[in-house]
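Notes to accompany the following structure.
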Amino acid sequence: MLRRLLGRPFSSRISLPKQWAIVDLAQRLHDPATSKYTILPSKTTLEHTSVSISAFRDCFHKGQLDPCVVAALDSLHFVWDARAHAFNQKRLALEIYQREYGHTIVPINYIVPANDPAWPKELWHLRLGKAVDNFRSRGISSLSSAHVDALDALGFVWNAQDDTWQRNVDALTRFKALFGHTRVPEAFVVPSDEPWPKQLHGFRLGVFVHAVRARQDRLSTDRKEDMDDLGLQLNTREVGWQTFVAALKVFRREHHHVCVPKSYVTADGLKLGVFVRNARHRVKSLTPARKETLDALGFKWTLPTTVVTE
1 MLRRLLGRPF
11 SSRISLPKQW
21 AIVDLAQRLH
31 DPATSKYTIL
41 PSKTTLEHTS
51 VSISAFRDCF
61 HKGQLDPCVV
71 AALDSLHFVW
81 DARAHAFNQK
91 RLALEIYQRE
101 YGHTIVPINY
111 IVPANDPAWP
121 KELWHLRLGK
131 AVDNFRSRGI
141 SSLSSAHVDA
151 LDALGFVWNA
161 QDDTWQRNVD
171 ALTRFKALFG
181 HTRVPEAFVV
191 PSDEPWPKQL
201 HGFRLGVFVH
211 AVRARQDRLS
221 TDRKEDMDDL
231 GLQLNTREVG
241 WQTFVAALKV
251 FRREHHHVCV
261 PKSYVTADGL
271 KLGVFVRNAR
281 HRVKSLTPAR
291 KETLDALGFK
301 WTLPTTVVTE
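Below you can see the structure in the form of structure tokens.
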């Protein structure tokens with residue numbers, strides 16, 4: 001260091017015996033059962049002398065190592081650039097995750113499973129969720145342009161919240177296309193089969209819709225517009241009424257009347273019989289528009305004595 005400060009010639013060359021000693025160490029530490037790569041710590045001790053592996057790598061990049069030494073280490077898949085290797089392993093793991101799950105929103109506690117044929121053994125136990133979180137939290141400015149391009153090529157999401165919102169919007173769009181409405185039961189989870197895209201499998205869409213309604217006052221203008229475009233009703237009371245009317249129409253189509261037994265529950269858990277009973281008992285509190293809607297369905301405000309309601 002002093003020589004560098006004084007501007008005198010400085011050589012980082014490592015003696016040939018020491019180079020071969022590092023080869024010997026690499027051969028002893030190389031373990032093909034766990035990884036095809038050989039990674040030595042930045043500093044190690046050879047014959048009671050501290051040796052900088054970082055300096056050894058620098059010598060390689062400057063072309064200062066014996067070619068036979070380089071060839072011997074290459075045969076062991078010696079890692080010449082530890083940082084680049086670490087990034088490439090994480091990028092490879094993210095590529096496999098994206099292929100397996102259809103997206104790059106890795107849970108922060110996700111660890112690459114061991115003994116899984118989908119994953120190379122070099123990646124087993126890698127804390128991929130933490131690595132992905134670090135990429136996002138540190139931001140694009142902390143990475144080289146090559147690394148940013150490599151992640152972008154995988155469809156990496158730099159803002160996970162925005163991506164999660166968009167995928168829920170996509171799921172709601174698909175739900176509406178399939179069922180003709182956006183009245184998603186709170187317990188609804190996107191199934192893991194066609195016609196649902198792989199990247200939406202397992203989404204708790206019902207919970208999402210419920211949360212959107214509960215937090216509607218905190219939604220940004222853009223997000224409210226997303227919901228308006230899909231026709232999602234944010235007023236929970238209005239949603240309940242619309243759900244009731246829709247279920248009553250289905251009952252009428254199937255049974256040719258709307259005298260719903262009090263105990264009747266729809267397939268998705270809606271207590272339609274209780275709704276009907278409450279509508280009768282609270283007829284005076286209904287708006288004229290709602291009363292007209294029920295009248296148009298042939299709603300009976302007074303039950304015939306022959307109808308069983310229990």
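Residues in the sequence shown are numbered from 1 upward in steps of one, following full-length UniProt numbering.
The beta carbon of each residue, even a glycine, is placed where N, CA and C say it ideally should be.
- In terms of Cα proximity to N115, the closest of S35, L234 and L16 is S35.
- Leaving aside the five residues that flank F87 on each side, the residues in its chain whose CB is nearer than 7 angstroms to its CB run, in chain order, H147.
- In this structure, T182 places its C-beta atom within 7 angstroms of the C-beta atom of L230.
- Contact check between the segment 195-202 and the segment 130-146: fewer than three CB pairs, one atom from each, fall below 8 angstroms, which does not count as touching.
- Taking 7 angstroms as the cut-off, the Cβ atoms of Q64 and R13 count as close.
- Secondary structure note for L46: its beta strand (DSSP E) is the uninterrupted segment K43 to L46.
- With a contact defined as Cβ atoms closer than 8 angstroms, L270 and F251 miss out at about 10 angstroms.
- Considered as a whole, the UniProt domain "Helicase-associated" (161-231) harbours no complete run of any beta strand (DSSP E) with no fewer than 3 residues.
- Taken through DSSP and simplified to helix, strand or coil, F156 comes out as coil.
- A residue is called buried when at least 16 other Cβ atoms come within 10 angstroms of its Cβ; N168 meets this threshold and is buried.
- Contact holds between the segment 68-82 and the segment 23-34, because three or more Cβ pairs, one in each stretch, are under 8 angstroms apart.
- Of A72, R57 and V69, the smallest CA-CA separation from W80 is found for R57.
- In the three-state scheme derived from DSSP, where H, G and I count as helix and E and B as strand, T293 is classed as helix.
- Of all alpha-carbon atoms in A160, R218, M227 and D193, the one lying nearest the alpha-carbon of K176 is that of M227.
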